[in-house]
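Q: The opening residue of the sequence shown carries number 1 in the working numbering; numbering runs sequentially from there. The beta-carbon is built from N, C-alpha and C at its ideal position, and this holds for glycine as well. Source: prediction; values computed, not measured.
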Amino acid sequence: MRILPERIELKTRDQIAAMRRAGLVVAEGLRAMTAAAVPGASTADLDGVAREVLSRAGARSSFLHYDIGNGPYPAVICASRNDTVVHGIPSARERLADGDIVSLDFGAIVDGWHGDAAVTVCVGEVAPQARAMSQACEHALWAGLAQVRAGARLGDVSHGVERSVRAAGRYGIVAGYGGHGIGTEMHMAPHVLNYGPAGKGPKLL
1 MRILPERIEL
11 KTRDQIAAMR
21 RAGLVVAEGL
31 RAMTAAAVPG
41 ASTADLDGVA
51 REVLSRAGAR
61 SSFLHYDIGN
71 GPYPAVICAS
81 RNDTVVHGIP
91 SARERLADGD
101 IVSLDFGAIV
111 DGWHGDAAVT
121 VCVGEVAPQA
131 RAMSQACEHA
141 LWAGLAQVRA
151 GARLGDVSHG
161 VERSVRAAGR
171 YGIVAGYGGH
181 GIGTEMHMAP
191 HVLNYGPAGK
201 GPKLL
């Protein structure tokens, strides 16, 4: 886990619009990879799909050669299948099978601004408990987003996610991991945990 500096960089409307262009490339990549995530496809195949999206958009990868101390990252996506929690490296030897769930994480740079997002894909016919877990995660995402408004605290977002997960009754939350700020760098403050007390942390503007 990378420790982010505390200073939060505020963005102008024009900067947010520029970031949105990068986000649209990421959204297109996630849509294309979701469609390609079928039984028999390798996670390297999905990386190739994402590379094609970057090429068509004239964008660069946020992930390729990114280094947080373990050496340059070799791919443009992270593909985390089944019990791999996060940051799985795509491989031609890792092929998707019916019933898998795979998390696809993708980042793009457009005009110096980053976009970064992930989606979890159910491959073929998955077990009911796997689909239920995926749905619980999506519900938690929206519960956190529902707390985003001027005057709220960042902890309200984290607490909204946690409360939704706890309400589902059977799932844990991975300690230490969460969301992050973004802009001219892929990882910027603040770090947004998926748990924590409401009413704490920086005020949202």
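Could you tell me the distance, in whole angstroms, from the CA atom of Pro190 to the CA atom of Leu204?
A: Going from the Cα of Pro190 to the Cα of Leu204 covers about 11 Å.
Q: Rounded to a whole number of angstroms, what is the C-alpha to C-alpha distance between Ile182 and Ala117?
A: The alpha-carbon separation between Ile182 and Ala117 amounts to approximately 11 Å.
Q: Under 8 Å, do Thr43 and Ser91 count as touching if we go by C-beta distance?
A: Going by C-beta atoms, Thr43 is nearer than 8 Å to Ser91.
Q: So is His65 buried or exposed if we call it buried at 16+ other beta carbons inside 10 Å?
A: exposed
Q: Run through the DSSP bridge pairs and tell me what Thr120 is partnered with.
A: Ser103
Q: Given this structure, state the Cα-to-Cα distance separating Ala27 from Thr84, to the nearest angstrom.
A: 23 Å
Q: Need the endpoints of the beta strand (DSSP E) that Ile267 sits in, please.
A: Because the chain in this structure spans residues 1 to 205, residue 267 falls outside the shown range and cannot be described.
Q: My output table needs one value for Pro128: the three-state DSSP class, helix, strand or coil.
A: helix
Q: Cutting at 7 Å between CB atoms, please list the residues of its own chain near Glu6, excluding the five before and the five after it.
A: Ala189
Q: Just to check my reading of the structure: Ala36 and Asp45 have Cβ atoms closer than 8 Å, yes? What is that Cβ distance to the nearest angstrom?
A: 7 Å
Q: Need the endpoints of the beta strand (DSSP E) that Gly81 sits in, please.
A: Here residue 81 turns out to be Arg, not Gly, going by the sequence shown. Ile77 to Arg81 is the span of the beta strand (DSSP E), which, as asked, contains Arg81.
Q: Which one of Arg93, Val76 and Cys122 has the shortest CA to CA distance from Gly115?
A: Val76
Q: Anyone know if the C-beta pair for Val110 and Ala59 falls short of 8 Å?
A: In contact: Val110 and Ala59 (Cβ atoms closer than 8 Å).
Q: For Ile101 and Thr184, I'd like the C-alpha separation in whole angstroms.
A: 31 Å
Q: Determine, using beta carbons only, whether Gly172 and Leu193 come nearer to each other than 8 Å.
A: no
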